[in-house]
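Undergrad:
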Amino acid sequence: MSNDRPGTDRELDVRDIDGEPFGEIMDAVADLPTDESLLLINSFEPQPLYGVLEKRGFTYETTNPEPERWHVEIRHD
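Residues 1 to 77 (full-length UniProt numbering) are what the sequence shown spells out, left to right.
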């Protein structure tokens with residue numbers, strides 16, 4: 001699998017999902033092995049997601065490499 005960000009193990013680009021991508025994101029996070037990271041690519045900063053990730057024991061780092069492109073690197077805490 002090709003990643004946009006070196007150092008991440010998995011990638012999920014939700015920009016083309018029709019509708020709310022929350023279910024797909026939570027499925028990917030639930031399947032994430034403890035020694036791997038997930039790069040979430042979105043067209044906006046998913047601020048409501050941060051609290052959910054923290055409650056489930058994940059950390060995240062968010063960057064905005066270009067307009068309408070947000071990267072959220074998700075790892076187990």
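Glycine residues also receive a C-beta, built at the ideal position from the N, C-alpha and C atoms.
Would I41 and D13 qualify as a contact pair, given that the criterion is a beta-carbon distance under 8 Å?
TA: Walking along the sequence shown from the start, residue 41 turns up at place 41. Walking along the sequence shown from the start, residue 13 turns up at place 13. Yes; because the gap between Cβ atoms is below 8 Å, this pair is in contact.
Undergrad: So, helix, strand or coil for P48, using DSSP?
TA: The residue given as residue 48 occupies position 48 in the sequence shown. DSSP places P48 in helix when its eight states are reduced to three.
Undergrad: Going by DSSP in three states, D9 sits in which element: helix, strand or coil?
TA: The residue labelled residue 9 in the question sits at position 9 within the sequence shown. Here DSSP, grouped into helix, strand and coil, assigns D9 to coil.
Undergrad: Use the C-beta contact count for S37: other C-beta atoms within 10 angstroms, 16 or more gives buried, fewer gives exposed.
TA: Within the sequence shown, numbered from 1, the residue matching residue 37 stands at position 37. It is buried - the Cβ of S37 has at least 16 other Cβ atoms within 10 Å.
Undergrad: Enumerate in chain order the residues of its own chain whose CB-to-CB distance from residue 157 is below 6 Å, with the five nearest sequence positions on each side excluded.
TA: Nothing about residue 157 can be reported from this structure: the residues present for the chain run from 1 to 77 only.
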